[in-house]
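For reference, each letter of the sequence shown is one residue, going 1 to 380 in full-length UniProt numbering.
Single-structure report; data block below.
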Amino acid sequence: MKYISLMGATGSIGTQTLDIIREHPGEFRLIALSVGRNIDLTRKIIKEFNPDLVSTSERSAAKALEAEFPDITFTYGQEGLIEVAVYHKAQILVNAVSGSVGLTPTLQAIKERKTIAIANKETLVTAGHLVMEEAKRNEVSLLPVDSEHSAIFQALQGEQHKNIEKLILTASGGSFRDRTRQELENVTVKEALNHPNWSMGAKITIDSATMMNKGLEVIEAHWLFSMDYDKIDVLLHKESIIHSMIEFHDSSIIAQLGTPDMRVPIQYALTYPDRLPLPTANRLSLSEIGNLHFQKMDMNRFRCLRFAYEAGKEGGTMPTVLNAANEAAVAAFLEGKATFLQIEDLIERALSIHKNIKNPGFTEIQEVDKETRKYINSLL
Ligand code: NDP
Ligand code: MG
């Protein structure tokens, strides 16, 4: 029986992680969880899974739930997130929060030698070097949940890193893949939230529409697979059937395929190196699909992807700025304070004024993250 701590239990990845735990009651037990503000759903999750420990964003919510569930320990805020991440009975931490708020709890969980199933890519983008160093020092595995990285991780089994020619990340193109830049000027939040293939949280859906999601994933792949940026390619593939691939020196390409269903990579991270059946998953029928399409990525059309490559290659605190500026700009767009195309302008401005700090420590990362958000908000 594997005991699981789950950060972000009420979100898109969080609830799909609950599906997997529910499907295999003999394999997994949900022992601790964190949520944000969705207290109605939290109540249902507590009743179904009866965890030991629950953290909410707000103190008032923790207090209200404590009165309802006297046998469960409640905590809150950033400290609460950390308590859930390091909960002593858990072997695996599933990090499914959105944003760089996941960084500190992840570092703490690594120090406590938890296996980390990581969906929270912003943590790897903002401080990938710190996370990877800490994981190496503590001999902790970071198992990817992001579908592209899970695909690469699966294709890598039994292979050697030295034989890799390049990684090929596939991209669906997001909600606006068939629109020109001009047509993007007046798009609404509602249109941007309408992703063609995947149903996800709001922030990552906007990231998919701006292509920043793929940019963040390039940096995520750089850290998870210690791969140079010039060996990471992005390929438009609108069907989202090939989840990503590895090209080897001998020209062979190994890909992982499936219908778009995040429960598959979530389950693989939880069962690795084993696999379990997933009876409720839609099986892929290539004969029904008939054709798959691929297209070269246009870096001028998708400026955020270019910013991410540039920030990643420069290293230091540039990826921290990229991530924090993006989080603040996307939040502003969702709140109606910025237009869709302003997202990339805001990020570009934050990157252009930043004085890069090479090899930043934890405190510098936190500082730059905070300053960047402040700067973006001052521009709005
Ligand atoms: P959601 O927005 O659906 O869920 C986010 C979760 O984190 C919710 O439980 C939310 O709580 C909680 N949360 C948000 N902010 C805070 C905070 N400040 N403190 C504590 N908890 C917080 O996001 P997704 O599930 O879509 O994405 C989660 C991560 O996984 C992201 O990093 C994303 O990039 C990555 N990912 C997601 C995929 C997907 O298909 N959704 C695919 C691949 C990667 P509440 O709702 O209760 O307020
Ligand atoms: Mg992905």
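Where a beta carbon is used, it is the ideal one built from N, C-alpha and C, also for glycine.
Check, Outcome
"Presumed contact (8 Å Cβ cut-off) between His-88 and Ala-151, rounded CB distance", "Contact flag wrong, Cβ pair sits at about 33 Å."
"Within 8 Å, strictly: CB atoms of Ala-62 and Ala-85", "no"
"Length of the line joining the Cα atoms of Arg-29 and Phe-49", "8 Å"
"7 Å CB neighbourhood of Lys-214 in its chain, flanking five on each side removed", "Leu-169, Ala-171, Val-234 and Leu-305"
"Cβ pair Leu-334, Ile-204 closer than 8 Å", "no"
"DSSP-derived helix/strand/coil call for Tyr-268", "helix"
"Top-ranked residue by Cα proximity to Ile-343, from Leu-41, Asn-186, Glu-371 and Met-7", "Asn-186"
"Beta-carbon proximity of Pro-246 to Ile-164, cut-off 8 Å", "The amino acid at residue 246 is misidentified as Pro; the sequence shows Ile. Cβ distance < 8 Å, so Ile-246 and Ile-164 count as in contact."
"Inter-stretch contact (C-beta, 8 Å, three-pair minimum) for the segment 251–258 and the segment 174–188", "no"
"Residues near Gln-267 in its chain [Cβ-Cβ closer than 7 Å; skip 5 each side]", "Ile-20, Leu-276 and Leu-278"
"6 Å CB neighbourhood of Thr-372 in its chain, flanking five on each side removed", "Val-321, Ala-324, Ala-325 and Ala-350"
"Ser-147 CB to nearest heavy atom of the ligand MG below 7 Å", "yes"
"Nearest-angstrom Cα separation, counted from Ser-147 out to Pro-265", "6 Å"
"Assumed close pair Met-7, Val-145 - CB separation to whole angstroms, cut-off 8 Å", "Wrong, their Cβ atoms sit about 12 Å apart, outside the cutoff."
"The ligand NDP heavy atom lying under 7 Å from the CB of Ser-175", "no"
"With 16 other Cβ atoms within 10 Å as the buried cut-off, status of Ala-9", "buried"
"Nearest-angstrom beta carbon gap, Leu-184 and Leu-341 [assumed within contact, 8 Å]", "6 Å"
"Closer than 7 Å: Ser-57 CB and nearest the ligand NDP heavy atom", "yes"
"Distance cut-off 7 Å: Glu-239 Cβ against heavy atoms of the ligand MG", "no"
"Residue 387 beta carbon near the ligand MG (any heavy atom closer than 7 Å)", "The structure shown has nothing for residue 387, since the chain only spans 1 to 380."
"When Leu-167, His-24, Leu-142 and Lys-111 are compared against Tyr-229, the one with the closest alpha-carbon", "Leu-167"
"Contact set for Met-212: own chain, Cβ-Cβ below 6 Å, skip 5 residues either direction", "Cys-304 and Asn-326"
"DSSP state of Asp-345 mapped onto helix, strand, coil", "helix"
"Host beta strand (DSSP E) of Ala-255 (start-end)", "253–257"
"CB of Gly-312 within 8 Å of CB of Ile-219, strictly", "yes"
"Buried or exposed (CB count within 10 angstroms, at least 16 for buried), Phe-294", "exposed"
"Cβ distance (whole Å) where Thr-259 is taken to contact Asn-291 below 8 Å", "That belief does not hold up - the Cβ atoms of Thr-259 and Asn-291 are roughly 15 Å apart, past 8 Å."
"Distance, Phe-69 Cα to Lys-231 Cα", "51 Å"
"Unbroken stretches of the beta strand (DSSP E), 3 residues or longer, contained in the UniProt domain \"DXP reductoisomerase C-terminal\" (257–375)", "none"
"Pro-25, buried or exposed, once every other Cβ within 10 Å from all chains shown has been counted against 16", "exposed"
"For Val-131, three-class secondary structure by DSSP", "helix"
"beta-carbon Asn-197 near the ligand NDP non-hydrogen atom, thresh 7 Å", "no"
"Span separating the alpha-carbon of Asn-197 from that of His-237", "11 Å"
"Selected residue, minimal CA-CA separation from Thr-280, among Asp-261, Asp-298 and Glu-348", "Asp-261"
"Presumed contact (8 Å Cβ cut-off) between Pro-51 and Ala-32, rounded CB distance", "6 Å"
"beta-carbon Glu-217 near the ligand MG non-hydrogen atom, thresh 7 Å", "yes"
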